[in-house]
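Residue numbers (the numbering used here), protein chains in the order written: chain A, 1156 to 1525; chain B, 1156 to 1525. Quick notes on the structure that follows.
There are 2 protein chains.
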Amino acid sequence: MAEPGNEERAKEPRTVPTISDVARHAGVSPMTVSRVLSGGQHVSATMRRKVETSVRALGYRRNENARSLRPGHRSGLVGVVVTNLANPYYAEVLEGIGEILSEANRRVVFGTSHEDPEEEARLIADFVGRQTEGLIVVPAGGPSEHLRPEQRHGVPLVFASRRQDGVDVDAVIVDDVRGAERVTALLLEEGHRRIAFVGNAVSVFTGQRRYEGFERAHAAAGVPVLPELVRRGQQDIHSAETAARELLALDEPPTAIFGANNRNMVGAIKALHAASAARGTDLFARVRLASFDTFDLEELVPGDLSVVTHDARELGRTAAELLLVRLQGKRPDRPTRTIELPTSIRTRRRSEERLPGTEPAQEPAQAASP
Amino acid sequence: MAEPGNEERAKEPRTVPTISDVARHAGVSPMTVSRVLSGGQHVSATMRRKVETSVRALGYRRNENARSLRPGHRSGLVGVVVTNLANPYYAEVLEGIGEILSEANRRVVFGTSHEDPEEEARLIADFVGRQTEGLIVVPAGGPSEHLRPEQRHGVPLVFASRRQDGVDVDAVIVDDVRGAERVTALLLEEGHRRIAFVGNAVSVFTGQRRYEGFERAHAAAGVPVLPELVRRGQQDIHSAETAARELLALDEPPTAIFGANNRNMVGAIKALHAASAARGTDLFARVRLASFDTFDLEELVPGDLSVVTHDARELGRTAAELLLVRLQGKRPDRPTRTIELPTSIRTRRRSEERLPGTEPAQEPAQAASP
DNA sequence: TTGTACGCGTTATCAA
DNA sequence: TTGATAACGCGTACAA
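Below, the structure is given as C-alpha cells:
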C-alpha cells in the first residue's frame, strides 16, 4: 500500500516554498527574488528570467502574512460583520462591499453576529488581531465598548445600514424615518385607521427608526397608534408570520399592515395567505400592505402593496468607499460623516393589474448629511 | 482648528501595542507575557496579574499574522469562494459554512467569483498566499489549473454544491440528476408533453446535471425533449424572465416549465405573471411549474407548483465539516469522498388551496457515496 | 546590479 | 519560575 518516493507526484509540495527556496532553486539571493517579485527596477533580464522560471517551477507565492509584518505594509484585509446573512438584504449589502473592496485589491474577512453583540465583539477582536486594515459592521445594538477606538486599536470602522449611539464613526444608513413616515402617511390618507406594525426588535436601529416614522405619520394625521397592533421583535420570516397571524385573529383586525423590513413583510404575507385559505376569504382584499425593503415576487401579492425601496448594494458600495477614504489616510482627523440614502416608494394596486411592461425606474442613491 | 496634543484622547493608540510594549509596561520579559497569554502553566500568580493588568491597560491583542509565521502554527483562516451571493441559496450555504467554522474557531475569508473562472483563480491564489488552512469553493466551471494541488500548495480544498472534472477533492453536492428526473417524471405522468427547461449555463455543473435528469425522465417516458423549449444560460432573475417570456410567446407555448434553480424559476414566474396581466388571462392555470430549489413566497404562485428541495445550510455545514476532517490531518491520504445530499419533492396544487396549517416537514439531509 | 544584515511580532527551546 | 536566543518569511537600508 505504501509506495514511498512516488515520483509521479513529486510536484506535490510537502511544504510550502519560501522565498529562500526560490532563491536556492534559481541560484540567486533571496533579495533578488524579492526584487523581481515587486516588479523590481534594478534587476538584469537574466536574473529576472531565472527567478521567474523558478517561481513557476515551485509554484511559489508570497506569504502575505509575513509581508504585512514589515512596517508600513498593509494586510489588505477588511473585516465585515453582518447580523444575518439569511436575509437577502444583507447578502446584497455584502456583495456591494465586496465589489468595491475587490477593486481596491482588498479581501474580506467575514462573520455573522446573529444579532448578538457578544458575538460581534468576538469577531471584531479577532479581526483586529488579524491586522485587518478596516472594519465594516452592521451593529447588533446593545453594549458598544468593543466598538470604541481603543478596543479596535484605532482601526477605522464604518457602520452600514445601522448606527450605534455613542460610537462616532462614518456610517451609511437609510432614510428610515422619512421612508416609514411617508408610506404610513399614504395609508392614513387612504383612510386606514387601524394600521399594524410588524418589525424588528426595539433594540435594532432601523426597527427603532422605522417605528418612529410610523408614529410621526400618525401624529401628523392626528390618528393614535394602537398598541395592540404593534408587534416588534421578529427577526425572521417564521416569527413574523406568527405575529401577523395573531394580528389577523384579533376581534378587530388591522385594515393595513406595515412590515418594517422584508423578513417581516414576507412573514405577514404568508400569514395572510394561510388565513385566507383557512377561512375561504381573500384577506388581501381587506388588508392593505406596505413594506420597507423589497422582496422577490412582490408582484404576486394579490392586493395593494406599497414598497419603500433603496439600493442595498449601493449601500454596501458606499460603506466600502467611506472606509477606503479613511484608509487613504489623508486627513485622519476629518470629522465623521453619515450618509443617508434616500428611499422611494412604489405602489402597485390590484386594480392596475392590467398594466403591462414599463418597469419601475431604477434610481441612483446618493445624499450626504453631516 | 489644529489642536495638538489633545490629552483627553491620550488613550487613542498612535501605534498598535506589541508584546514587548506589554512586557515593558509590566516590567517583565516578552516571554512571560507570551506564556500568560497562552494560558501559561508555569507562571507565578504575581506575574500573571501584572501581565493581565498591562494587557488591559494597553488594550493589547496578539498579532495573529506574526503568530502564524511560527512553524507549526495555523492561520485559523479558511477561504470561501461562491459564485454569486445575490442568490439567497448561496447566502444560505455561506451561513452554514460560517456556522461550523466559527465553532471550530476558524474565520472565513470570502470572495465572489461571479461565475468567472479567472476571478476564482485570482481569489484562490490570494487566499493561498494569505496562508488559509483550507478552501471551500463553489467552482465556476471552465479551466481548472488553478485548482490543482500544486497551485494551491496542497491546501485542502472542498467543493460545495458543484464539482469540477479532473479535480479530485472532497465535495458536497446535491442529487441533482435524480431530483430533476423525478420532478420531470411527475410532469410527464400528468400528461405534459411540452415541458420547457430554463436553467443555468451549460458549463455549470448543476445546470448540466439537472438537464441530464430532465432528459432521462423524457427518455424513460419515451417523450422527446423539444429543443425550442430549452433555454440554458440564465444566471439571474432578469435573464430568466426574458427567456421565459420568449417561451410563452411561441406559437405553441410549453404546458409546463421546469426552472432548474431558484433564480430561473422566479424569473419564469415573473414572466408568467406579466404575460397573464398583459393578455388578461391566467396563464398559471395553463402552465404547470416545477422548480429546483425553494424561494420565498412559493405559496403565492397561483398555479400548480412542485419544488425539489434540499437544505442549503446543511450543505454548507457538511462542506465545512469535510474540510475540518482534512485539517485534523489524520490520514491525509484518505481517498476523497463526495457526499450527495438527497432531495425531496413537495407539490402544492391550486385545488388544495383550502388546506390550512401543517407545515411541510423539514428533513435532515445525509447520504454518502464513494 | 547584487548581496548582507537586520528587524517586523511571536513563541519553542534551552539555560539560568 | 523566568529570561535570553533564535527563527518563522519577507523587505528596507546599506554595502559591495
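Note that beta-carbon positions come from the ideal geometry of N, C-alpha and C, so glycine has one too. All values reported here derive from a predicted model rather than from experimental measurement.
Three-state secondary structure assigned by DSSP to residue i
i: glutamate 1495 of chain A; result: strand
i: threonine 1170 of chain B; result: coil
i: serine 1299 of chain A; result: coil
i: valine 1263 of chain A; result: strand
i: phenylalanine 1314 of chain B; result: strand
i: arginine 1501 of chain B; result: strand
i: aspartate 1176 of chain A; result: helix
Residue i CB to nearest heavy atom of the ligand MN below 7 Å
i: leucine 1278 of chain A; result: For the structure depicted, the ligand MN is absent and the ligand set is empty, with no information on it obtainable.
Where residue i falls, given that 16 or more other Cβ within 10 Å makes a residue buried
i: valine 1359 of chain A; result: buried
i: glutamate 1345 of chain B; result: exposed
i: threonine 1208 of chain A; result: exposed
i: valine 1310 of chain A; result: buried
i: threonine 1267 of chain A; result: buried
i: asparagine 1260 of chain B; result: exposed
i: leucine 1479 of chain B; result: buried
i: aspartate 1488 of chain A; result: exposed
i: valine 1114 of chain A; result: With chain A represented from 1156 up to 1525, any question about residue 1114 of chain A goes unanswered, as that position is not in the structure.
i: proline 1294 of chain A; result: buried
i: isoleucine 1424 of chain A; result: buried
i: serine 1108 of chain A; result: Look at the range of chain A in this structure, 1156 to 1525, and you will see that residue 1108 of chain A is not part of it.
i: aspartate 1320 of chain B; result: exposed
i: proline 1298 of chain B; result: exposed
i: serine 1524 of chain B; result: Bear in mind that the predicted position of serine 1524 of chain B carries a pLDDT of just 35, short of 50, making it unreliable; the figure below should be weighed with that in mind. So serine 1524 of chain B ends up on the exposed side.
i: leucine 1470 of chain B; result: buried
i: glutamine 1286 of chain B; result: buried
i: glutamate 1518 of chain B; result: Annotation note: pLDDT 38 at glutamate 1518 of chain B (below 50); position unreliable, coordinate value reported separately. Classification of glutamate 1518 of chain B: exposed, given that the 10 Å Cβ count is below 16.
i: aspartate 1406 of chain B; result: exposed
i: arginine 1229 of chain B; result: exposed
i: histidine 1373 of chain B; result: buried
i: glycine 1231 of chain A; result: buried
Start and end residues, alpha helix (DSSP H) containing residue i
i: leucine 1402 of chain B; result: 1392 to 1403
i: serine 1506 of chain A; result: Careful: serine 1506 of chain A lies outside any alpha helix (DSSP H) and carries neither H nor E.
i: leucine 1470 of chain A; result: 1467 to 1483
i: leucine 1249 of chain A; result: 1243 to 1258
i: phenylalanine 1282 of chain B; result: 1272 to 1284
Extent of the continuous beta strand (DSSP E) to which residue i belongs
i: glycine 1435 of chain B; result: Premise fails: glycine 1435 of chain B is in no beta strand (DSSP E) and is neither H nor E.
i: valine 1292 of chain A; result: 1289 to 1292
i: alanine 1445 of chain A; result: 1443 to 1447
i: aspartate 1330 of chain B; result: That residue, aspartate 1330 of chain B, is in no beta strand (DSSP E); it is neither H nor E in DSSP.
i: leucine 1526 of chain A; result: Residue 1526 of chain A is absent from the model: chain A starts at 1156 and stops at 1525.
Q. Quick one: complete alpha helix (DSSP H) runs, 4+ long, within the segment 1400 to 1432 of chain A?
A. Runs found: none.
Q: Please go through the segment 1178 to 1237 of chain B and give each complete beta strand (DSSP E) segment of 3 or more residues, from N-terminal end onward.
A: Qualifying beta strand (DSSP E) stretches, in chain order: 1232 to 1237.
Q.
In chain order, what are the residue ranges of uninterrupted alpha helix (DSSP H) at least 4 long that sit wholly in the segment 1343 to 1387 of chain B?
A. Restricting attention to alpha helix (DSSP H) runs no shorter than 4 residues, the segment 1343 to 1387 of chain B encloses them at 1360 to 1376, ordered along the chain.
Q: Would you list, in chain order, the members of the segment 1376 to 1401 of chain B that have their beta-carbon closer than 8 Å to a beta-carbon of chain A?
A: Per Cβ criterion, the list reads Ile1392.
Q: Anything in the segment 1257 to 1269 of chain B with a Cβ closer than 8 Å to a Cβ of chain A? List those residues in chain order, please.
A: Ser1257, Arg1262, Val1263, Val1264, Phe1265, Gly1266 and Thr1267: these are the residues of the segment 1257 to 1269 of chain B whose beta carbon lies less than 8 Å from some beta carbon of chain A, given in chain order.
Q. When you check each C-beta in the segment 1454 to 1482 of chain A against every C-beta of chain B, which residues fall closer than 9 Å?
A. Residues Glu1454, Leu1455, Val1456, Pro1457 and Arg1468.
Q. Got a sec: which bits of the segment 1308 to 1334 of chain A sit with their beta carbon under 8 Å from any beta carbon on chain B, in order along the chain?
A. Within the segment 1308 to 1334 of chain A, the qualifying residues are His1308 and Gly1309.
**Q.** Near-chain B residues of the segment 1235 to 1256 of chain A (beta-carbon distance less than 7 Å), N- to C-terminal order
**A.** Residues Leu1240, Ala1241, Pro1243, Ala1246, Glu1247, Leu1249, Glu1250 and Gly1253.
Q.
To be precise: take each residue of the segment 1414 to 1432 of chain A, compare its Cβ to all Cβ atoms of chain B, and keep it if any distance is under 8 Å. Which residues remain?
A. Residues of the segment 1414 to 1432 of chain A whose Cβ lies closer than 8 Å to any Cβ of chain B, in chain order: Val1421, Ile1424, Lys1425, His1428, Ala1429 and Ala1432.
Q) In the segment 1331 to 1358 of chain A, which residues sit with their C-beta less than 7 Å from some C-beta in chain B, listed in chain order? A) Sequence-ordered contacts of the segment 1331 to 1358 of chain A with chain B are nonexistent [C-beta pairs closer than 7 Å].
Q: Return the residues of the segment 1210 to 1234 of chain B that lie within a Cβ-Cβ distance of less than 8 Å from chain A, sorted by chain order.
A: When C-beta distances to chain A are compared with 8 Å, the residues of the segment 1210 to 1234 of chain B below that value are Gly1214, Arg1216, Arg1217, Asn1218, Glu1219, Asn1220, Ala1221, Ser1223, Leu1224, Ser1230 and Leu1232, in chain order.
Q) Name the residues in the segment 1271 to 1288 of chain A whose C-beta lies less than 7 Å from a C-beta of chain B; which are they? A) Taking 7 Å as the cut-off between beta carbons, the residues of the segment 1271 to 1288 of chain A near chain B are Ala1280, Asp1281, Val1283, Gly1284, Arg1285 and Gln1286, in sequence order.
Q: Output, in sequence order along the chain, the residues in the segment 1291 to 1305 of chain A whose CB is closer than 7 Å to any CB in chain B.
A: The segment 1291 to 1305 of chain A vs chain B, Cβ under 7 Å: Pro1304 and Glu1305.
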